[in-house]
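2 protein chains.
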Amino acid sequence: GGSVFKNGVYTTVTQSLKENGIKFHLVSGVRANPEFGKVCQAITEAKEHGCNGVLAVGGGSVLDSCKAVAAGMCLDKAEDVWQCYEFKHIVTEALPLFCVLTISATGSEVNGGTVLQRDDLRKKFSFKSPHLYPVCSCLDPEVQAGLPWYQTTNGLVDAITHTMEFLMTCSDPKEYEAGVNMGVGIIRTVLTCGDTLQRDEKDYAARANFMWAASCALSGIAAIRTGGLGDWAVHSLEHTLSAVHPTVSHGAGLGVLMPSYIQHHAQKGDRTALWERLAKDLFGGETWQDLVAGLKDMLKRWGHPTTLSALLDREIVEADIAQLTETFMMRPFSGYREDKVLPKDEAEAIYRLCCKE
Amino acid sequence: GGSVFKNGVYTTVTQSLKENGIKFHLVSGVRANPEFGKVCQAITEAKEHGCNGVLAVGGGSVLDSCKAVAAGMCLDKAEDVWQCYEFKHIVTEALPLFCVLTISATGSEVNGGTVLQRDDLRKKFSFKSPHLYPVCSCLDPEVQAGLPWYQTTNGLVDAITHTMEFLMTCSDPKEYEAGVNMGVGIIRTVLTCGDTLQRDEKDYAARANFMWAASCALSGIAAIRTGGLGDWAVHSLEHTLSAVHPTVSHGAGLGVLMPSYIQHHAQKGDRTALWERLAKDLFGGETWQDLVAGLKDMLKRWGHPTTLSALLDREIVEADIAQLTETFMMRPFSGYREDKVLPKDEAEAIYRLCCKE
Numbered sequence: 001g002g003s004v005f006k007n008g009v010y011t012t013v014t015q016s017l018k019e020n021g022i023k024f025h026l027v028s029g030v031r032a033n034p035e036f037g038k039v040c041q042a043i044t045e046a047k048e049h050g051c052n053g054v055l056a057v058g059g060g061s062v063l064d065s066c067k068a069v070a071a072g073m074c075l076d077k078a079e080d081v082w083q084c085y086e087f088k089h090i091v092t093e094a095l096p097l098f099c100v101l102t103i104s105a106t107g108s109e110v111n112g113g114t115v116l117q118r119d120d121l122r123k124k125f126s127f128k129s130p131h132l133y134p135v136c137s138c139l140d141p142e143v144q145a146g147l148p149w150y151q152t153t154n155g156l157v158d159a160i161t162h163t164m165e166f167l168m169t170c171s172d173p174k175e176y177e178a179g180v181n182m183g184v185g186i187i188r189t190v191l192t193c194g195d196t197l198q199r200d201e202k203d204y205a206a207r208a209n210f211m212w213a214a215s216c217a218l219s220g221i222a223a224i225r226t227g228g229l230g231d232w233a234v235h236s237l238e239h240t241l242s243a244v245h246p247t248v249s250h251g252a253g254l255g256v257l258m259p260s261y262i263q264h265h266a267q268k269g270d271r272t273a274l275w276e277r278l279a280k281d282l283f284g285g286e287t288w289q290d291l292v293a294g295l296k297d298m299l300k301r302w303g304h305p306t307t308l309s310a311l312l313d314r315e316i317v318e319a320d321i322a323q324l325t326e327t328f329m330m331r332p333f334s335g336y337r338e339d340k341v342l343p344k345d346e347a348e349a350i351y352r353l354c355c356k357e
Numbered sequence: 001g002g003s004v005f006k007n008g009v010y011t012t013v014t015q016s017l018k019e020n021g022i023k024f025h026l027v028s029g030v031r032a033n034p035e036f037g038k039v040c041q042a043i044t045e046a047k048e049h050g051c052n053g054v055l056a057v058g059g060g061s062v063l064d065s066c067k068a069v070a071a072g073m074c075l076d077k078a079e080d081v082w083q084c085y086e087f088k089h090i091v092t093e094a095l096p097l098f099c100v101l102t103i104s105a106t107g108s109e110v111n112g113g114t115v116l117q118r119d120d121l122r123k124k125f126s127f128k129s130p131h132l133y134p135v136c137s138c139l140d141p142e143v144q145a146g147l148p149w150y151q152t153t154n155g156l157v158d159a160i161t162h163t164m165e166f167l168m169t170c171s172d173p174k175e176y177e178a179g180v181n182m183g184v185g186i187i188r189t190v191l192t193c194g195d196t197l198q199r200d201e202k203d204y205a206a207r208a209n210f211m212w213a214a215s216c217a218l219s220g221i222a223a224i225r226t227g228g229l230g231d232w233a234v235h236s237l238e239h240t241l242s243a244v245h246p247t248v249s250h251g252a253g254l255g256v257l258m259p260s261y262i263q264h265h266a267q268k269g270d271r272t273a274l275w276e277r278l279a280k281d282l283f284g285g286e287t288w289q290d291l292v293a294g295l296k297d298m299l300k301r302w303g304h305p306t307t308l309s310a311l312l313d314r315e316i317v318e319a320d321i322a323q324l325t326e327t328f329m330m331r332p333f334s335g336y337r338e339d340k341v342l343p344k345d346e347a348e349a350i351y352r353l354c355c356k357e
């Protein structure tokens, strides 16, 4: 948090607003895994100031929060916006949303999705609305050159996982040739640019290409054949993880969960052709084991945790697995795939796999 | 031409129009390399009938013609629409355009580009306008299952060339990682689906994936880093070829020209890194020769001509090369790349290379 004050973006944006005679009221201090309380505060203050638009300046958490504010401004009470995340209220209007992106990861700058957390309920839920697409998003790769490496890797892993979530809806890659090839193109871009940025964080081309790949990853371009539907089970498992442990960043949680998710299903013979195709196209391998090994190699190379224990920096005990599994089952849904809602024993097995190297 | 009457599409479309109380006036008989005269006839008839929209039912030539009609309906005289193709008039309004696509190739269903031919002037010129985007395009892969194989290959080669035109603006693929990877994904899709369709023209998944890849090929998705600009020199050379020889189909001409275009520049050391990257990613090769050989293998495998002589079914003499080169020089531009307009001697050299196996 607070990076926009250090990297000059805040000054650039506010000067531009002033020069154009646009009044604004600042709300700052959005944390990773953005919290409901901050959103309620922002809605209340925005109503007091009679705001008629929302400008998000930051990364995924800021955008997620601003989408909640844009929707919440059209509701009677600030707290009512949580009903959208519980799927008990459908957004029919929102204030116009504008975006200046400072970290590439969530792809929230090119879609109408938002995630919000309630620490008090241990819930991290999401929803999408066509009313929450940014009117305009400004992306400047140079702004991201000063990001700490762990934040860059979180973004890299998030973009790869978004692309994988769309690909994972498909068991036969031949049915889905265009989507698989474009998805592979996006992931390859992230892998190449990630390795370049690890060597030189200021490489403009790598920042710019990763920035665009991260937007594409969640724009749905690789998901046309599925009508835009993704699997989202890895995201659901991660949102639970962050809900229980709010200090776990989204990208770090995804990195630990994705290889385990693949391993769990591959061992049952589920989507074998897809794992083999991705092993070949991404890592020059042949088997699902090559895909899992390729992803874990990537995480280790980038200094990312590969186990729950490394993620939480302590031993994981049975009670941790039980708590995660039970919290996961509190979700109103565990993915968007109509044909496959992850059952309790599978969620438990996947969390358990995350304990192993 | 006339396929919409055989494959049932005409009946389906006209029944739908009648059921919804939409009056229509039919203009049929659009040929490949669509001619200006037919467009003038259509505009005149559409004005007589007071048409307020244009419905294109067919492939690229029909769409190109219908875009000309949509623009021409807002001009005083039907013939004035040619001024747009000479870059002497800029379109500021057009009738709304709707599309039912019956062959995937030109990508005209997802952009505002149009090409038109004047046999009398030996000119085949194109222009783009945001006013000429279809309001809505309907694509059904099953309609294409009955296409003659040579028409399918024309479409395959056109889609590959469109993607290549965007990639060919770039000399250093590292500057352009996301675009190259997504472009490669599109071309790989076309290669795989083409081989499948050669074995089984009714393979639904291959038709559907090729259909979507062909739309993506000219949607600009792989050209974001170039601001949507492409090279378009291969297209310019082909439009000249079709202008001089109106029986040459666009896709067949592109197939002959593209390998020669690459060879001409590669021999001079122009864009070496790009050719080597594409040789590796598309055909598992290493050198520009591998890229050219891979493309020619593809053409031979699909039964496509690889020389001007095979294309025109006669010996090519010096007078042919001279005529093509001179006609090429009559173009108002020979590509959209501001930094590189193909000079006369280069055009001549490329046409000459097209004579060799």
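Residue numbers (my numbering), protein chains in the order written: chain P, 1 to 357; chain D, 1 to 357.
Think of the CB as a built atom: it goes at the ideal place given N, C-alpha and C, for glycine as much as any other residue.
### Query
Can the beta-carbon of residue 9(D) be found less than 8 angstroms from the beta-carbon of residue 39(D)?
no
### Query
Where does residue 114(D) sit, in a helix, a strand or coil, going by DSSP?
strand
### Task
Compare the C-alpha of residue 342(D) against each of 325(D), 89(D), 287(D), 222(D) and name the closest.
325(D)
### Task
Indicate whether residue 70(P) and residue 57(P) have their beta-carbon atoms separated by less than 8 angstroms.
no
### Task
Would you kindly check if the distance between the Cβ of residue 114(D) and the Cβ of residue 126(D) is under 8 angstroms?
yes
### Query
Under a Cβ-count criterion, where at least 16 other Cβ atoms within 10 Å of its own Cβ denotes burial, should residue 319(D) be classed as buried or exposed?
exposed
### Task
Could you tell me which chain P residues have their CB closer than 7 angstroms to the CB of residue 185(D), listed as they occur along the chain?
181, 182, 184, 185
### Query
Under a three-way DSSP split, which group does residue 218(P) fall into?
coil
#### Entry: Three-pair Cβ contact test at 8 angstroms for the stretch 162 to 179 of chain P versus the stretch 202 to 219 of chain D
yes
### Query
Any Cβ of chain P within less than 8 angstroms of the Cβ of residue 174(D)?
yes
### Message
Using a 10 Å radius around the Cβ and a threshold of 16 neighbouring Cβ atoms, would you call residue 273(P) buried or exposed?
### Response
exposed
### Task
Would you mind working out which of 66(P), 322(P), 307(P), 116(P) sits nearest residue 35(P), comparing C-alpha positions?
116(P)
### Query
On the premise that residue 295(P) lies in contact with residue 258(P), defined as a C-beta separation below 8 angstroms, what is that separation, rounded to the nearest angstrom?
6 angstroms
### Query
Out of curiosity, what's the CA-to-CA distance linking residue 347(D) and residue 322(D)?
10 angstroms
### Query
Across which residues does DSSP place residue 35(P) in a beta bridge pair?
117(P)
### Message
Using the three-state DSSP reduction, which class does residue 135(D) fall into: helix, strand or coil?
### Response
coil
### Beta-carbon gap between residue 238(P) and residue 254(P) smaller than 8 angstroms
yes
### Query
With a cut-off of 8 angstroms, does the C-beta of residue 350(P) fall near any C-beta of chain D?
no
### Query
At what residues does the beta strand (DSSP E) containing residue 105(D) begin and finish?
Run containing residue 105(D): none; DSSP gives neither H nor E here.
### Message
DSSP three-state label for residue 249(D), please.
### Response
coil
### Query
For residue 58(P), does the three-state DSSP call read helix, strand or coil?
strand
### Message
Between the alpha carbons of residue 291(D) and residue 85(D), how many angstroms are there, rounded?
### Response
34 angstroms
### Message
Please list the terminal residues of the continuous alpha helix (DSSP H) segment that includes residue 3(P).
### Response
3 to 6
### Query
Applying the criterion that 16 or more other CB atoms from any shown protein chain within 10 Å of the CB defines a buried residue, is residue 302(P) buried or exposed?
buried
#### Entry: Proximity of residue 94(D) and residue 132(D) at Cβ, strictly below 8 angstroms
yes
#### Entry: residue 358(D) at chain P interface by Cβ criterion, 8 angstroms
This structure gives no information on residue 358(D), because the portion of chain D shown stretches from 1 to 357.
### Query
What does residue 126(D) pair with, by DSSP beta-bridge criteria?
115(D)
### Query
At least one CB of chain P closer than 8 angstroms to the CB of residue 163(D): is that the case?
no
### Query
From this set, 120(P), 282(P), 230(P), which residue's C-alpha is nearest residue 340(P)'s C-alpha?
230(P)
### Query
Using 8 angstroms as the Cβ pair cut-off and three pairs as the minimum, do the stretch 157 to 168 of chain D and the stretch 183 to 203 of chain D touch?
yes
### Query
Going along the stretch 33 to 62 of chain P in order, which residues come within less than 7 angstroms of chain D, judged by CB to CB distance?
none
### Query
Any idea which residues DSSP pairs residue 100(D) with across the strands?
57(D), 138(D)
### Contacts of residue 189(P) in chain D (Cβ-Cβ under 7 angstroms)
177, 178, 181
### Query
Near residue 288(D), what residues of its chain come up, given a Cβ to Cβ distance below 6 angstroms and the 5 sequence neighbours on each side ignored?
266, 275
### Query
If you compare alpha carbons, which of 108(P), 100(P), 50(P) is closest to residue 68(P)?
108(P)
### Outcome for residue 18(P) when other beta-carbon atoms lying within 10 angstroms are tallied against a minimum of 16
exposed
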